[in-house]
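Written below as structure tokens is the structure these notes are about.
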Amino acid sequence: MAKKETNSDELIAQVIKGIEEVKGNNIDILDLREIENTVCDYFIICNGTSNTQVNAIVNSVQKSVSKALKDKPWHIEGSENAEWVLMDYVNVVVHVFQRHIREFYDIESLWGDAKITSIETNY
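If you count the sequence shown from 1, position 81 lands on 128 in my numbering, and the numbers rise without skipping.
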């Protein structure tokens, strides 16, 4: 059975909604489409304040995407310690960090050529 292609814009909107529902912080979208040899089209990066909140963000994103788009991640990695959880939706990869781990790895700098869009939150 072939996997239905999900529109990236719809997927991004549902991921952001899932992050915001549990008050994820510092949400950035990195557009990687103009960069050669990337593994996906977009990174969505956010952080939580604890491993409990990181897991809550991951669960909320999964629920939001599944409910709206009937889609699920191809792969999830890092849930055990919940310091950095990667959710792979093929064209969109979601990184959910604890703040100190995000600062240490600084993915935004590694992908400095990407167009970065920061999402304003009201909480």
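Here a beta-carbon is modelled for each residue, glycine too, at the ideal position from N, C-alpha and C.
Can you grab the Cα-Cα spacing for the pair residue i / residue j, in whole Å?
i      : j      : result
Arg146 : Lys162 : 21 Å
Glu52  : Asn98  : With a pLDDT of 49 at Glu52, under the threshold of 50, the modelled position of this residue cannot be trusted; read the value that follows with caution. Approximately 31 Å between the Cα atoms of the pair.
Glu67  : Asn84  : 31 Å
Asn175 : Phe151 : For the chain, the structure presents residues 48 to 170; residue 175 sits outside this window and is missing.
Phe144 : Cys93  : 6 Å
Does residue i come out as helix, strand or coil in the three-state DSSP assignment?
i      : result
Val62  : helix
Asp135 : strand
Ile166 : strand
Where do the N-terminal and C-terminal ends of the alpha helix (DSSP H) with residue i fall, by residue?
i      : result
Leu157 : 154-157
Quick check on the DSSP output: the beta strand (DSSP E) that includes residue i runs from which residue to which?
i     : result
Asn73 : 72-78
Would you grab the beta carbon distance between residue i and residue j for me? Rounded to a whole angstrom, and I think it's under 8 Å.
i      : j      : result
Val101 : Val140 : Their Cβ separation, rounded to whole angstroms, is 16 Å, which puts Val101 and Val140 out of contact at 8 Å.
Practice task
Please go through the stretch 87-125 and give each complete alpha helix (DSSP H) segment of 4 or more residues, from N-terminal end onward.
Solution key: 98-116
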